[in-house]
Amino acid sequence: MKKLSTVIWLTLSLSLCLNEHVDADHVPSASKGRDYYEERGEIVWEVPTPSKVIALTFDDGPDAHTTVEILDLLKQYGAKATFFVVGNRVEKHPDIVARELHEGHEIGNHSYTHPSFHNINASKLTSELNRTQEAIFKATGSKTVLFRPPGGSYNESIVRTSKDIGMLTVLWSWHQDTLDWRKPGVNRIVKKVLDNAHNGDIVLMHDFVPTSTQTVEALSVILPELQKRGFTFVTVSELLSYHDKSHKFIEVNH
Numbered sequence: 581m582k583k584l585s586t587v588i589w590l591t592l593s594l595s596l597c598l599n600e601h602v603d604a605d606h607v608p609s610a611s612k613g614r615d616y617y618e619e620r621g622e623i624v625w626e627v628p629t630p631s632k633v634i635a636l637t638f639d640d641g642p643d644a645h646t647t648v649e650i651l652d653l654l655k656q657y658g659a660k661a662t663f664f665v666v667g668n669r670v671e672k673h674p675d676i677v678a679r680e681l682h683e684g685h686e687i688g689n690h691s692y693t694h695p696s697f698h699n700i701n702a703s704k705l706t707s708e709l710n711r712t713q714e715a716i717f718k719a720t721g722s723k724t725v726l727f728r729p730p731g732g733s734y735n736e737s738i739v740r741t742s743k744d745i746g747m748l749t750v751l752w753s754w755h756q757d758t759l760d761w762r763k764p765g766v767n768r769i770v771k772k773v774l775d776n777a778h779n780g781d782i783v784l785m786h787d788f789v790p791t792s793t794q795t796v797e798a799l800s801v802i803l804p805e806l807q808k809r810g811f812t813f814v815t816v817s818e819l820l821s822y823h824d825k826s827h828k829f830i831e832v833n834h
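First residue of the sequence shown: 581, per this note's numbering; consecutive thereafter.
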């Protein structure tokens, strides 16, 4: 993948100072909501922008079948996406992750074993993230700065711990959770995305849903339709570059 200069929030470092008294070995229950984290630039749900850009994201892979089919579709339509991978699956399919990066997509960290994050302690979380970083590096020769917690779980310690490793927490637009892992039917997945498509959205889909082809079939409809509407599919880091420049950023090179 060619060198790409993108932007990530400067508050990765600033907020470490603000939260320096968080217990390093205990993850408390969530006590602050979306507004708090969004205003501080500590979690991204979407990027307000007048530009017709949208970020497709796929969790839980790679999978030997589904991920490959998704990559083929993305290539067919010239679309870019971000894959939040699970470390132990990266180790099984390093060639697929290497292909993702080679074809211009972005890799994100989605933990090593996909455990529940509701009561995870910081030591376990650090291990999950670092092991996945190592797996990604072994497969691609590079690491990621993006992290998505399983289930979208977040609180002060989860955010703090990921920042300690130099990672930004990325969730998804609330109106763009396709729930494709529940296998709701191709039409429902398509309708969810198309009926709610807005500039700067981050769409949540999955490339590891055993015994289901619904996500792939839905994507074959979603991609051409959104392109007809004038949307461009970008990676999460590319999407961040569309954010209001009045905010402070740091530059990250991939």
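For every residue, glycine included, the Cβ atom is placed at its ideal position computed from N, Cα and C.
- Of the residues Tyr692, Val648 and Met785, the one whose Cα lies closest to the Cα of glutamine 713 is Tyr692.
- Within a 10 Å sphere around the beta-carbon of threonine 662 sit 16 or more other beta-carbons, which makes this residue buried.
- In this structure, the beta-carbon distance from aspartate 787 to aspartate 643 falls below 8 Å.
- Here the C-alpha atom of methionine 747 lies approximately 5 Å from the C-alpha atom of leucine 726.
- Secondary structure of aspartate 775 (DSSP, three-state): helix.
- Fewer than three beta-carbon pairs drawn from the segment 668–677 and the segment 811–823 are found closer than 8 Å, and the two stretches are therefore not classed as touching.
- Between the segment 736–751 and the segment 759–777, the count of C-beta pairs closer than 8 Å stays below three; the two stretches do not touch.
- Only residues of its own chain outside the window of five on either side were considered, and among them Glu622 and Thr749 have a CB closer than 6 Å to the CB of valine 739, listed in chain order.
- Out of Ser800, Thr793 and Pro628, the CA that lies nearest to the CA of histidine 645 is found in Thr793.
- Asparagine 701 and aspartate 760 have their C-alpha atoms roughly 29 Å apart.
- It is roughly 12 Å from the alpha-carbon of lysine 632 to the alpha-carbon of isoleucine 782.
- For the 8 Å CB-CB criterion, serine 742 and leucine 784 do not form a contact.
- Excluding sequence positions up to five before and after phenylalanine 697, its CB lies within less than 7 Å of the CB of Pro729, Pro730, Gly731, Ser733 and Ile738, all in the same chain and listed in chain order.
- Put simply, the backbone Cα of asparagine 779 is about 16 Å away from that of alanine 659.
- Nearest C-alpha to lysine 655 among Lys808, Leu799, Gly721 and Leu819: Leu799.
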